[in-house]
Structure formats: C-alpha cells, structure tokens
Amino acid sequence: MNIRPANPEDFEHIKAVARETWHDTYDELEADLIDRTVDDWYTTDSMPLEAPGTVVLVVELDGEIVGFTHAVAQGDTADILRMYVAPEAQGAGVGTHLHEYLIERLEMYDVDRVRSFDFAFNDVSRRFYEGLGFERTDTGEVTIEGEQYDEAVYTLEL
355 MNIRPANPED FEHIKAVARE TWHDTYDELE ADLIDRTVDD WYTTDSMPLE APGTVVLVVE
415 LDGEIVGFTH AVAQGDTADI LRMYVAPEAQ GAGVGTHLHE YLIERLEMYD VDRVRSFDFA
475 FNDVSRRFYE GLGFERTDTG EVTIEGEQYD EAVYTLEL
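Sequential numbering of the sequence shown, starting at 355, is according to the numbering used here.
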C-alpha cells in the first residue's frame, strides 16, 4: 500500500473511485444525480491541490488508485471533506491507513480537532468514523442540485 499526495494526473482515477463508491454506497440517490455530482465535485477546481491548508492524498494498491481523501485545515480545526475507498478495497484496512496518514499530515497545521461530514443516512461511514474515535457532534445539510440532504458531522479531538 502506497499513500502519497495527489497530483493533477490523479483526478481521473479519483473521479472513478468516487463514482464507483457513490453508486455502491448511496442507494438513496438517483444514478444520474450521482454521476453529475461526481463530475462537479471531483475536479482540480473543487479540490485544489495547492490551496493553503489543503491535503489531498491518494492510496495505491499494486499501482492502482483505490482511495483518496481531501481535507482542509483552518485555525485549530481540520475538515475532512472527502474520504473514499473503492468497494473492492474496503474492509482491508485501506481507509484506516489513509486516515492515520491524513491525521499525521494535518497535525503539521497544529489543529486540535478534525471533523468529517457525510450523508446522515450513511451507516457505513458512521461505523467507520466511530471506529476511529470520532463522535457524532452535529448535523447539517448539503445541497445537491437544489435538493437538501441531511448531513452528519463527526468530530475527533486530537
């Protein structure tokens, strides 16, 4: 397993992992909505690699990108905006290793807490984050094409 900073050439692979994972995980969303959202949200514009406080990492198995994460540190808090592992690589510790590496990178920004956001209906995400020591601390909403979806906020105090 190799975890490294993402580069612009990785975005087609990042988008492929996001698309596969969204389709596998988010049954509550229509397939065409997922495709449009992935096309909009997983680009170098929406995940700028050089922005201050930004960490975008990919994880490779046998030279293939099977996961990624995107976080932004501001002040004493870092927000994990995206963390996905391809369905075929889930359950093998890939997400846990990616998370641990991300926390090491975020600690360089002197953050005291890390938050993660996901759809409130995503029980797999809830179990993943709670297993890493996060607690559900808040709720919110995310808007996709004008529709509101409940969002869960998980927090880990460092």
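Note that the Cβ used here is the ideal one computed from N, Cα and C, for glycine as well.
Rounded C-alpha distance that separates Arg-481 from Gly-445 = Position 127 of the sequence shown holds residue 481. Position 91 of the sequence shown holds residue 445. In a straight line, the C-alpha of Arg-481 is about 12 Å away from that of Gly-445.
request  = Could you say which of Glu-366, Arg-469, His-377 and Tyr-380 lies nearest to Leu-486 if we only look at CA atoms?
outcome  = For the purposes of this step, residue 486 is identified with residue 132 of the sequence shown, where counting begins at 1. Measuring from the Cα of Leu-486, the nearest candidate turns out to be Arg-469.
task = Kindly say whether Phe-475, judged by its beta-carbon, lies nearer than 8 Å to any beta-carbon of chain D.
result = Protein chains in the displayed structure number just one, and chain D is not present.
key: Whole-angstrom C-beta distance between Leu-411 and Ile-368, which should lie under 8 Å   = Position 14 of the sequence shown, counted from the first residue, corresponds to residue 368. Position 57 of the sequence shown, counted from the first residue, corresponds to residue 411. Actually they do not touch by this definition, with Cβ atoms about 10 Å apart.
ask   = Between which two residues does the beta strand (DSSP E) containing Tyr-380 stretch?
value = As a position in the sequence shown, residue 380 is number 26, starting the count at 1. It is not in any beta strand (DSSP E) - Tyr-380 carries neither H nor E in the DSSP assignment.
key: Through-space distance from Leu-512 to Met-401, alpha-carbon basis   = Position 47 of the sequence shown holds residue 401. Position 158 of the sequence shown holds residue 512. Cα to Cα, Met-401 sits roughly 24 Å from Leu-512.
request  = Flag this pair as yes or no: are the beta carbons of Leu-456 and Phe-488 separated by less than 8 Å?
outcome  = Residue 456 sits at position 102 when you count from the first residue of the sequence shown. Residue 488 sits at position 134 when you count from the first residue of the sequence shown. Not closer than 8 Å, so no.
ask   = Do Glu-374 and Pro-441 have their C-beta atoms within less than 8 Å of each other?
value = For this step, residue 374 is matched to residue 20 along the sequence shown. For this step, residue 441 is matched to residue 87 along the sequence shown. Going by C-beta atoms, Glu-374 is nearer than 8 Å to Pro-441.
key: Extent of the continuous beta strand (DSSP E) to which Phe-422 belongs   = As a working note, residue 422 is residue 68 in the sequence shown. From DSSP, the beta strand (DSSP E) with Phe-422 extends over 418 to 428.
ask   = Helix, strand or coil: which one does DSSP assign to Thr-450?
value = Along the sequence shown, one-based indexing puts residue 450 at 96. Of the three classes helix, strand and coil, the one that applies to Thr-450 here is helix, per DSSP.
Extent of the continuous beta strand (DSSP E) run through Asp-433 = Position 79 of the sequence shown holds residue 433. Counting along the chain, the beta strand (DSSP E) containing Asp-433 begins and ends at 431 to 439.
key: Inter-residue spacing [alpha-carbon to alpha-carbon] between Ile-419 and Thr-398   = Working through the sequence shown from its first residue, we reach residue 419 at position 65. Working through the sequence shown from its first residue, we reach residue 398 at position 44. Going by the C-alpha atoms only, they are around 17 Å apart.
task = Report back the beta-carbon spacing between Phe-425 and Leu-460 to the nearest angstrom; my notes put them in contact at under 8 Å.
result = Within the sequence shown, residue 425 is the residue found at index 71, counting from 1. Within the sequence shown, residue 460 is the residue found at index 106, counting from 1. Checking the sequence shown, residue 425 turns out to be Ala, not Phe. Contact flag correct, Cβ pair sits at about 6 Å.
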